[in-house]
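Numbering-wise, the numbering used here comes out as the position in the sequence shown, counting from 1, plus 2.
In what follows, a single structure is set out as structure tokens and then discussed.
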Amino acid sequence: MSTALATVGVAGLSQRAHAADSQPQPQPLALPDSIPAPRDVPFGGTIRLSVDATDLTRHIMTVHETVPVPAALAATGGDLPLFYPMWLPGDHSPTGSLDQFGGLVVKAGGTTLDWVRDSVAVSAFHIHVPKGAHALDVSFQLLSPVSPEEGRMVMTPGMLNVQWNQVALYPAGYFTRQIPVEASLRLPRGWQYGTALRAQVTAGDVVTFKPVPFNTLVDSPLFAGRYFRRIDLAPGAVVPVSLDLVADKPEELEATDAQIATHRALVTQANLLYGSHHYDHYDFLLALTDELGRIGLEHHQSSENSGPRGYFTEWDKTFAARDLLAHEYTHSWNGKYRRPADLWAPNFNTPQRGSGLWVYEGQTQYWGYVLAARAGLMTVPQVEEALAEVAAMYDTRRGRTWRPLLDTTNDPVIARRAPLSWRSWQRSEDYYSEGQLVWLDADTLIRQLSGGKHSLDDVARHFFGTNDGSFITSTYAFDDVVKALNDIQPYDWAAFLHQRLDKTSEHAPLDGFTRAGYRLVYTDKPNKYVSSVASMRHVTDFSFSLGIMIGKGGTLSNVEWGSPAWQAGITRDAKLIAVNGDAYDADVLRDAVVAAKDAHAAPIALLLQEGDRYVTVSVPYHGGLRYPHLERVDGKPDMLADILAARH
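What follows is the structure in structure tokens.
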């Protein structure tokens with residue numbers, strides 16, 4: 003632009019700027035404040051909830067709800083907001099199935115009422131209640147996924163999973179513990195069910211449950227199926243515990259006496275550890291299925307779990323799935339009874355914060371492995387292989403160099419457990435299993451400092467074993483955890499925890515293995531835990547060599563950040579077609595990795611399909627097959643053997 007034109011242009015802009023001085027700039031609209039805050043007062047009536055779960059073909063649950071109108075509102079008429087639950091316990095994020103909600107119709111006295119969705123809290127529906135109306139008749143449908151691509155499957159031809167938060171609305175303005183609900187469910191003909199709820203009346207295929215507070219209802223999901231079996235896990239006990247099984251095929255329910263004994267031992271070992279219980283009955287809900295969506299979710303008096311087909315019938319191959327029940331059972335103490343204060347909320351639409359998940363999930367992950375070993379659900383060598391895999395994964399996870407462990411407690415909200423492009427760099431929810439390493443570190447340190455007189459067992463009983471029999475949640479903060487540790491073994495536990503939670507580091511906290519008398523090593527011998535997981539998930543795992551995991555059809559399901567594959571420019575979701583000119587299968591790739599171990603060998607040539615393109619990538623890797631294991635250190639006491647030994 004010439005100087006003259008530039009001058010004219012600037013002048014023009016200046017004139018327009020002066021002309022705009024008199025035009026007001028936009029300002030934000032105030033957000034509406036139209037939903038009452040929850041109050042800890044009685045709702046004043048009982049909601050009647052009826053769910054029909056028989057439409058298996060279309061995967062639809064049909065809901066009818068009768069919601070009493072509070073007396074003061076009935077006298078005047080006005081707005082009654084109804085919430086669809088969004089912030090669900092155990093998910094630690096707003097994962098409510100609002101996208102599957104449809105067909106809302108609200109009536110009062112036979113007259114259809116208008117409803118308006120809140121413009122900010124889109125899970126709230128404003129109902130204008132006419133004066134003199136004493137109840138609302140509410141109907142809608144849960145349009146559950148018809149394929150896994152749409153979300154988690156909860157209805158199949160042979161079983162279903164009713165999560166009450168998906169099929170209920172509740173009035174805003176109250177703590178959910180103050181809202182009584184009487185729920186009924188119509189099941190497919192002849193099906194049986196398991197749930198922590200207890201039946202009040204059963205008429206044909208309709209069961210009506212005893213009234214409970216709304217928060218208890220949401221915390222009491224149900225599994226039902228054509229093929230069902232209930233196993234008593236605490237014969238003769240005052241407080242009953244059962245294993246409620248549903249399966250795709252009836253033969254999957256055939257557990258041996260020895261297998262049942264290990265599940266009974268889990269109940270015994272947990273009670274010996276915690277020295278208390280916080281339920282008046284407990285139901286393990288376990289679906290053995292390839293069709294129902296995978297789940298492992300804790301509840302106060304039950305747990306929702308899915309296991310592989312072959313859980314019982316291929317016992318030796320499926321051991322990697324057997325810490326799940328121990329993990330979720332532990333949550334009855336750690337998570338449901340004792341809970342981080344910022345993870346407790348008065349209703350299911352108040353945001354939660356997860357700063358304490360390294361205790362809630364991390365210590366639970368630790369006890370899940372320990373109790374599985376003590377009960378015999380997993381052998382001690384199997385747990386050692388599992389711990390080796392955890393140690394290796396987090397010791398090589400490069401995301402730890404920029405993101406501290408504590409920040410991963412935000413991931414349930416950030417990522418909602420969606421697939422990540424570079425999970426090993428982003429870190430995802432590492433508070434689970436790296437948290438497990440932190441607690442092994444703490445356990446062995448307590449044992450060392452006390453000369454073997456105390457352990458994390460003592461801390462667990464001290465912290466989780468209070469108020470035996472109470473269902474009331476007891477909240478805690480960071481300082482309470484530090485105090486509990488110091489009560490058992492004085493030490494600077496605050497500094498210990500801050501170093502492992504708040505700081506970045508090159509390596510995982512592996513001091514627990516060193517104190518326990520072990521070291522992490524890599525060999526070409528497959529890790530049995532890795533093999534079990536790979537078999538159940540239908541993947542081939544080269545994570546600790548090439549840095550890739552390969553799923554069905556040769557699709558790369560993961561590439562480790564910084565690994566040889568990453569260095570070569572390989573990304574997840576590419577499809578592996580050929581290895582060194584030979585059509586890909588797992589054995590061909592293993593043989594190529596072994597052959598390339600010679601330092602003079604050529605790089606491994608991988609033919610990949612990336613969308614519509616085919617590319618050949620050379621991976622100059624000469625490290626051979628590498629799998630993690632724990633190796634005993636001569637001359638050091640074996641603390642791990644004592645940690646994993648059954649209690650009596």
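Ideal Cβ placement from N, Cα and C applies to all residues, glycine included.
VAL440 is positioned such that its CB atom lies closer than 9 Å to that of LEU503.
Rounded to whole angstroms, the separation of the alpha carbons of GLU293 and SER620 is 39 Å. The region 373-392 makes contact with the region 319-333; the number of CB pairs closer than 8 Å reaches 3 or more. Going by beta carbons, VAL248 and ALA289 fall inside the 9 Å limit.
Here LEU408 is not near TRP346, since their CB atoms are 9 Å or more apart.
Assignment of beta-bridge partners to SER186 by DSSP yields SER52, THR210. In this structure, the straight-line span from the alpha carbon of ASP489 to that of GLN501 is close to 20 Å. The region 196-259 is shown to contain whole beta strand (DSSP E) runs of 3 or more residues at 201-205, 208-211, 224-227, 230-234, 243-249, in chain order.
Distance check between ASP482 and each of ASN469, ASP543, HIS464 places HIS464 closest, using alpha-carbon atoms only.
When C-beta atoms of the region 205-221 are compared with those of the region 275-282, fewer than three pairs fall below 8 Å, so the two segments do not count as touching. For the set HIS333, SER334, TYR362, the Cα lying nearest the Cα of ASP344 is the one of TYR362. Classified as buried, ILE49 has 16 or more neighbouring CB atoms from the shown chains inside 10 Å of its CB. According to the DSSP assignment, ASN560 belongs to the beta strand (DSSP E) that extends over 558-561.
VAL131 and PRO406 have their C-alpha atoms some 50 Å from each other.
ASP285 carries a strand assignment under DSSP once its states are collapsed to helix, strand and coil. Judged by DSSP in its simplified three-state form, THR332 adopts helix. Taken atom to atom, the span from the alpha-carbon of VAL635 to that of LEU458 is near 23 Å.
The C-beta of TRP404 has fewer than 16 other C-beta atoms within 10 Å across all chains shown, which makes the residue exposed.
Around the Cβ of ALA462, a 10 Å sphere holds 16 or more other Cβ atoms; the residue is buried.
Taking one beta carbon from each stretch, the region 625-632 and the region 380-395 have 3 or more pairs nearer than 8 Å; the two touch.
Rounded to the nearest angstrom, the gap between the Cα atoms of SER423 and SER533 is 24 Å.
For secondary structure counted as the beta strand (DSSP E) over 3 or more consecutive residues, the region 73-142 holds these complete runs in sequence order: 80-85, 103-110, 113-115, 117-119, 126-131.
Beta-bridge annotation (DSSP): HIS631 is paired with VAL523.
Apart from the 5 residues on each side of it in sequence, PRO72 sits with its Cβ closer than 6 Å to the Cβ of GLY46 in its chain, given in chain order. In the structure shown, the three-state DSSP call for LEU299 is strand. Considering only LEU522, ASP460, THR320, the residue with the shortest C-alpha distance to THR398 is LEU522. Residue pairing by DSSP puts ASN307 in a beta bridge opposite LEU288, GLY298. GLN367 and TYR434 have their C-alpha atoms some 6 Å from each other. In the DSSP assignment, THR64 forms a beta bridge with ASP54, GLN143. The Cβ-Cβ distance between ALA174 and PRO40 falls below 9 Å. For GLU612, the enclosing beta strand (DSSP E) begins and ends at 606-612. For ALA518, the CB contacts under 6 Å within the same chain, skipping 5 residues up- and downstream, are THR446, MET641, LEU642 in chain order. Taking a contact as a CB-CB distance under 8 Å, the pair VAL65 and PHE142 counts as one, their CB atoms being some 5 Å apart. Sequence-distant partners of VAL484 (beyond 5 residues in either direction) whose C-beta falls short of 6 Å from its own C-beta, in its chain, are TRP495, ALA496. In the DSSP secondary-structure assignment, PHE544 is bridged to ILE550.
The three-state reading of DSSP puts ASP584 in strand, counting E and B together.
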